[in-house]
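**Student:** After the structure tokens below, expect a handful of questions from me.
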Amino acid sequence: MKLCSECKKNIAVVFTSMMENGKSEIKGLCIDCAKKKGIPIIDQLMQQTGMSPEDIDNLSSQMNSIFEEMDLENLENDNMFMNLFNVSSTSKDVEDKENKSSDVKEKSQKKDKKSKKKRKFLELYGTNLTEKAKNNEVDKIIGRNREIDRTIQILNRRTKNNPILIGEPGVGKTAIAEGLAVRIAQKEVPSKLFNAEVYLLDLTAVVAGTQFRGQFEGRMKNIIKEAQESGNVILVIDEVHNIMGAGEVQGGAMNAANILKPALARGEIQVIGVTTLEEYRKHIEKDSALERRFQPVQVEEPTVEETIEILKGIKDYYEDYHKVKISDEVIEAAANLSERYITDRYLPDKAIDVIDEAGSRANLKNQGLVEIQALKEELEKIQDKKEEASNNNDFEKAAQYKMDECRIEEKIKEMEKKYSEVEITIEDIAFVIESWTKIPVQKITEGEAQKLLNLEDRLHKRIIGQHEAIVSLSKAIRRNRSGFRKKKKPTSFIFVGPTGVGKTELVKALSCELFGSEEALIRIDMSEYMEKHTVSKLIGAPPGYVGYDEGGQLTEMVRRKPYSVILLDEIEKAHPDVFNMLLQILEDGRLTDSQGRTVFFENSVIIMTSNAGTNFKSNIGFAKDRYDVLESRVKDALKDIFRPEFLNRVDETIVFTSLTKDELRQIINLMLKDVMDEVKEKGMSMEVSDEVKDFILEKGYDEKYGARPLRRTIQRYIEDEIAEQYLQGKLKEGCNMNVKLNEGKVVFE
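Under this note's numbering, think of the first position of the sequence shown as 1, with each following residue one higher.
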């Protein structure tokens, strides 16, 4: 290709042969210069192809981008065009060409030396980490000496000296590559690596803008060539599994991995790969030819103690950025709390993010920093005005600006003393984690402590009777919330009793008291899991089955709401395989779904309800016998239904007794209150006499079915009548209803 003879910038696309001094000379013109000279071939091209002037301009820019990577001497050399036009060369021309070619060679040799220093493609598509480390632009790495030493040991090999860092996301794989660059900059490496330079290759930038076949391959070959000629370049490819498909076209096998393989095998270049365990298994391991060229270095998740040391080492960066102070106690809290409550990420990444966001939170609360910044901007303007006044010999104004400058500087110093000492607190760390996970991590406030101490009374407002059950449940919740419990193990109960005595209602009331809403209740009807194959619905379908990507019903809900009440209704109806799965949840508080992700239940309250053992009521008097005798008989019945290893993992089995008539009368009052609230929303009021309540109790009382028949009785005698009269127009806004009993019938007045 040839540059335009006129502008010397764009690619020449129109060539003309002109006679000058009896010699034929070829001139190349770009599209823009050809237009200016009025050459008709451009107009002919537009007529023949139907292209618009804008299309012609786009074509010109595309051609420039295609050939921008080619060396200029190749573009300037016009020997190849002479033969196109059969132009003969005289001896003088030959001599001139030889002289020119020798000059070009000398220039090219000089350019080669410069290019080794410049490294055009490496600088364009990579970042020199060693240079950044020398300029203190890379965060220092704390620990990880074993992994860095292992990486250096592999790099020091004669062949197959390409380490690949494998580990979970967020454990610090890329930081190890940066740590290697820091060591090279500080000369803390073997002599072979003293002059090594680490380049972080941006594979996306290499692929970006490649429009035609061969552009990507050309870029990769040039990068390999520059690294090969330099002899001291180490390429770091983050997310190295992407090379398997980078640059691949449909039906072709030429991608970045296949381009790199020969150079890696011969040891011409050195590459450090970085990828996760899952991606390594999915992409790299499948290509054995590529896998054998890399030497794996396992990067394990650091312990909490190691994470604390890492945070102490890098806290200066976050203190300077957020203008805050970070104490050792805050660092320890961030490491410990993130390890305990953030279960779907890895150290040190999650602890660093907690510190970062807590610093942002503390910084935003410090309003003084905004005022200081505004004063600094004002100071700069005054200094500019002072300098301008001095240049204009206006010394009176300059003196005035100098006084203003001193005044603002003094004010900035005062404000910096007042506002600079902002410190991140443990409450900030707890708030950040709570906002991420919705798990209450902050210290129990006085109001919340009082709320927990009065939990029995608050539950009794919704639940009538069942005193023993409410006391046992409240104690377990207080123990769980205050932190005095076995870690990892969730709080679990079995509620046993006849139907309609308040088992499910107590769970709903607990959810409201703990979370303020019944929305935090995860309810699963175990009658849907009576068949063996339905067990997979809880944890997700296995690979190859429909619904594999959707996840499990239980695992997905707990992952979204880890701090919740889980109700497993009618537990005895579930298939035995469900109990096998529950064993792990009740003991270790964890469950692995079909996609291999671990879900933690340690912050959940698991409540299972059952009607087992209620057939003893006729023999021992289910409602009136002593509670401890009843409890032992029911627990014996449970042993016949559930396996010992299942019952042994449940914290407590709570037996519900049948409701007495006095308790049912209180339940009627609660139900009627709900009806009155609905009537009140319509702008009306309602009063119910005691005779009507006794009538409802008489009609709806059934010891076997508990409180549920009362709801149906109220619907039949009160709610249905209200609905009819409201639709007939007899009941209007502002009216007052008195519900009374007249000759055995419920009447409205």
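The C-beta atom is built at its ideal place from N, Cα and C for all residues, glycine as well.
1. From the DSSP output, read off the bridge partner residues of Leu165.
2. Here's the rule I'm using: 16 or more other beta-carbon atoms within 10 Å means buried, otherwise exposed. How should Asn603 be labelled?
3. For the pair the segment 489 to 496 and the segment 648 to 660, tell me if three or more CB-CB distances fall below 8 Å.
4. Alpha carbon to alpha carbon, what distance is there between Thr343 and Gly500?
5. How long is the line joining the alpha carbons of Ile352 and His322, rounded to whole angstroms?
6. Just to confirm the assignment, what range does the alpha helix (DSSP H) spanning Val501 have?
7. Quick check: the segment 698 to 709 against the segment 725 to 739, are there 3 or more CB pairs under 8 Å?
8. Please tell me whether Ile331 and Ile142 are closer than 8 Å, where the distance is taken between their beta carbons.
9. What does DSSP give as the partner residue(s) for Ser5 in the beta ladder?
10. Helix, strand or coil for Tyr529? Go by DSSP, reduced to three states.
11. Would you mind stating whether Leu180 and Gly126 have Cβ atoms separated by less than 8 Å?
12. Between the Cα of Ile433 and those of Lys350, Glu423, Thr210, Lys635, spot the shortest distance and give me the residue it belongs to.
13. With a cut-off of 8 Å, does the C-beta of Asp690 fall near any C-beta of chain B?
14. Quick check: Asn611 and Pro498, are their CB atoms within less than 8 Å of each other?
15. Per DSSP, Glu550 forms a beta bridge with which residues?
16. Three Cβ pairs or more, each shorter than 8 Å: is that satisfied between the segment 685 to 696 and the segment 738 to 745?
17. Kindly provide the ranges of any beta strand (DSSP E) runs that are 3 or more residues long and lie completely inside the segment 159 to 237, ordered along the chain.
18. Confirm, please, whether the CB-CB distance from Val304 to Ala256 is below 8 Å.
19. So, under 8 Å CB-CB, Val750 and Leu591 are touching, yes? Tell me the CB distance rounded to an integer number of Å.
20. CB-CB under 7 Å to Val299, same chain, minus the five flanking residues each way: which ones, in chain order?
21. Within the segment 667 to 727, note down every full alpha helix (DSSP H) run reaching 4 residues or more, in order along the chain.
22. To the nearest whole angstrom, what separates the beta carbons of Glu226 and Thr130, a pair I think is in contact under 8 Å?
23. If you measure from the CB of Val578, is any heavy atom of the ligand GTP nearer than 7 Å?
24. DSSP three-state label for Leu347, please.
25. At the level of alpha carbons, what is the spacing between Glu301 and Arg345?
26. Do Ile326 and Ile424 have their C-beta atoms within less than 8 Å of each other?
27. Roughly how many angstroms lie between the CA atoms of Lys438 and Asp457, to the nearest whole one?
28. Measuring alpha carbon to alpha carbon, tell me which of Pro348, Ser511, Gly700 ends up nearest Gly313.
29. For Gln466, tell me which candidate among Phe15, Ile412, Ser658 has the shortest Cα-Cα distance.
30. Would Arg119 be called buried (16 or more neighbouring beta carbons within 10 Å of its own) or exposed?
31. Let me confirm a value: Phe212 is counted as buried when at least 16 other C-beta atoms fall within 10 Å, else exposed. Which label applies?
32. Does the distance from the CB of Leu459 to the CB of Val507 come in under 8 Å?
33. Buried or exposed: Met220, going by 16 or more other Cβ atoms within 10 Å of its Cβ?
34. Going by DSSP in three states, Asp636 sits in which element: helix, strand or coil?
35. Which residue comes first and which comes last in the alpha helix (DSSP H) that contains Lys315?
36. Cα separation between Gly547 and Lys160?
**Tutor:** Concretely, from the data shown:
1. Beta-bridge pairing by DSSP links Leu165 to Val274, Val297.
2. By the 10 Å Cβ count, Asn603 comes out buried.
3. Touching, per the Cβ criterion.
4. So the two alpha carbons sit approximately 38 Å from each other.
5. Taking the Cα positions, Ile352 is about 14 Å away from His322.
6. Val501 -> no alpha helix (DSSP H), and no H or E assigned at all.
7. Short answer: they don't touch.
8. Taking 8 Å as the Cβ cut-off, Ile331 and Ile142 do not qualify as a contacting pair.
9. None; Ser5 has no bridge partner.
10. In the three-state reduction of the DSSP assignment, Tyr529 falls in the helix class.
11. Taking the C-beta atoms as reference points, Gly126 is found no nearer than 8 Å to Leu180.
12. Of the candidates Lys350, Glu423, Thr210, Lys635, the one whose C-alpha sits nearest the C-alpha of Ile433 is Lys350.
13. The structure shown contains no chain B, having only a single protein chain.
14. Yes. Within cutoff.
15. According to DSSP, which records beta bridges pairwise, Glu550 is partnered with nothing at all.
16. Under the Cβ criterion (8 Å, minimum of three pairs), the segment 685 to 696 counts as touching the segment 738 to 745.
17. Segments of the beta strand (DSSP E) lying fully in the segment 159 to 237: 163 to 166, 197 to 201.
18. No, the pair does not count as a contact, with Cβ atoms beyond the cut-off.
19. The first residue shown for the chain is 1 and the last is 749, placing residue 750 beyond what the model contains.
20. Apart from sequence neighbours up to five positions away, the residues of its chain that approach Val299 with a beta-carbon distance below 7 Å are Glu147, Leu165, Ile166, Gly167, Val171, Gly172, Lys173, Ile176, ordered along the chain.
21. The segment 667 to 727 contains these whole alpha helix (DSSP H) runs: 690 to 700, 708 to 714.
22. Glu226 to Thr130, Cβ: 15 Å. No contact.
23. With respect to the ligand GTP, the structure shown offers nothing to examine, as it has no ligands at all.
24. Leu347 carries a coil assignment under DSSP once its states are collapsed to helix, strand and coil.
25. Roughly 10 Å separates the two Cα atoms.
26. Contact: yes.
27. So the two alpha carbons sit approximately 26 Å from each other.
28. That would be Pro348, whose Cα lies nearest to the Cα of Gly313.
29. Comparing Cα-Cα distances from Gln466 to each of Phe15, Ile412, Ser658, the minimum goes to Ser658.
30. By the beta-carbon neighbour count (other beta carbons within 10 angstroms, threshold 16), Arg119 is buried.
31. It is exposed - the Cβ of Phe212 has fewer than 16 other Cβ atoms within 10 Å.
32. The criterion of a C-beta distance shorter than 8 Å is not satisfied by Leu459 and Val507.
33. Looking at its Cβ environment, which holds 16 or more other Cβ atoms inside 10 Å, Met220 is buried.
34. When secondary structure is reduced to three states using DSSP, Asp636 falls in the helix class.
35. Run containing Lys315: 304 to 322, per the alpha helix (DSSP H) assignment.
36. So the alpha carbons of these two residues sit roughly 43 Å apart.
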